[in-house]
Amino acid sequence: MTLLSESELQQVAAAIERIERDTDAEVVTVLAAQADDYRYIPLLWASLIALLLPGALLFFGGWLSAWQQLLAQWATFLVLAVAFRAPALTSRLIPRAVRNWRACNLARRQFIELNLHHTEADTGVLIFVSEAERYVEILVDRGIASRIDNAAWETIVAAFTERVKQGRVLEGFLGCIESAGALLAQHVPATHARNELPNRLVVLD
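Residue numbers (the working numbering): 569 to 773.
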């Protein structure tokens, strides 16, 4: 992982402060190392393979007694459960849909936990990144959603996602904040000075 240094965190905070001068939106950024530890994934795969083992033995002409099959299943499960915990293997065993689902859930939890749904005019904006999953999402409260269509965020998210895939997380954040700021200034311009939520980047190790 390439979680940001202290100086890079300050750059993100400064970028948020700059764009919030021109909009009533309250922008919060979150960077997660990963959305889940996926400890259950090796166990699921090991269990599945162990359950399929008797059928595979019969298909390939092998024959074992009931006790031998049971021992073979347990041995297979234990060996694979340990082997599949190797990070290189675990990452290959996690379906993309599961990665996105876990990251999506974490983004929504952060939106609530950081009180983005309790701003003065319902103008909370969350820029969320989960680095391990290479997942980027922008969540907005109803005060923003009523003025900006979700499709308007897609280009910004796509550009940020590509930079995350390349390991250019800081560049992605700064570019995303600048692009989002221009969109917010156009549709949700500043009416008075305020700063309800912290500008710092929230980092989830």
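Cβ atoms here follow ideal geometry from the backbone N, Cα and C, with glycine treated the same way.
None of these values were measured; they are calculated from a predicted model.
Can you tell me the Cα-Cα spacing of residue i and residue j, whole angstroms?
i	j	result
Leu593	Ala581	Leu is not the amino acid found at residue 593; the sequence shown has Ala there. Looking at the two C-alpha atoms, the distance is approximately 15 angstroms.
Val596	Asn673	17 angstroms
Val697	Gln641	40 angstroms
Arg768	Leu646	44 angstroms
Leu661	Arg677	25 angstroms
Trp721	Ala614	40 angstroms
Glu746	Arg589	12 angstroms
Val666	Ile584	31 angstroms
Leu572	Glu681	22 angstroms
Glu699	Ala634	46 angstroms
Please classify residue i: does DSSP put it in a helix, a strand, or coil?
i	result
Gly735	coil
Val756	coil
Ser575	helix
Gly594	Note that residue 594 is Glu in the sequence shown here, rather than Gly. Of the three classes helix, strand and coil, the one that applies to Glu594 here is strand, per DSSP.
Arg670	helix
Pro663	coil
Glu787	Residue numbering for the chain in the displayed model covers 569 to 773; residue 787 lies beyond these limits and cannot be assessed.
Ser747	helix
If I measure Cβ to Cβ from residue i and keep anything under 6 angstroms in the same chain, skipping five residues before and after, which residues do I get?
i	result
Leu772	Ala600
Leu752	Thr591, Ala593
Could you check whether residue j and residue i sit closer than 7 angstroms to each other, using their CB atoms as the reference points?
i	j	result
Phe728	Val693	no
Ala671	Ala748	no
Cys744	Ile695	yes
Leu738	Glu576	yes
Leu611	Ala649	yes
Arg715	His755	yes
Val770	Val598	yes
Leu621	Thr644	yes
Excluding the 5 residues flanking residue i on each side, which residues of the same chain have their C-beta closer than 7 angstroms to its C-beta?
i	result
Lys733	Arg702
Thr691	Asp592, Ala593, Glu594, Asp709, Gly711, Ile712, Val756
Ile617	Thr644, Leu648
Phe652	Pro610, Trp613, Ala614, Thr658, Leu661
Skipping 5 residues on each side, what residues in its chain have a beta carbon closer than 8 angstroms to that of residue i?
i	result
Thr759	Asp592
What residues match up with residue i in a beta bridge as DSSP calls it?
i	result
Leu707	Leu694
Leu772	Ala600
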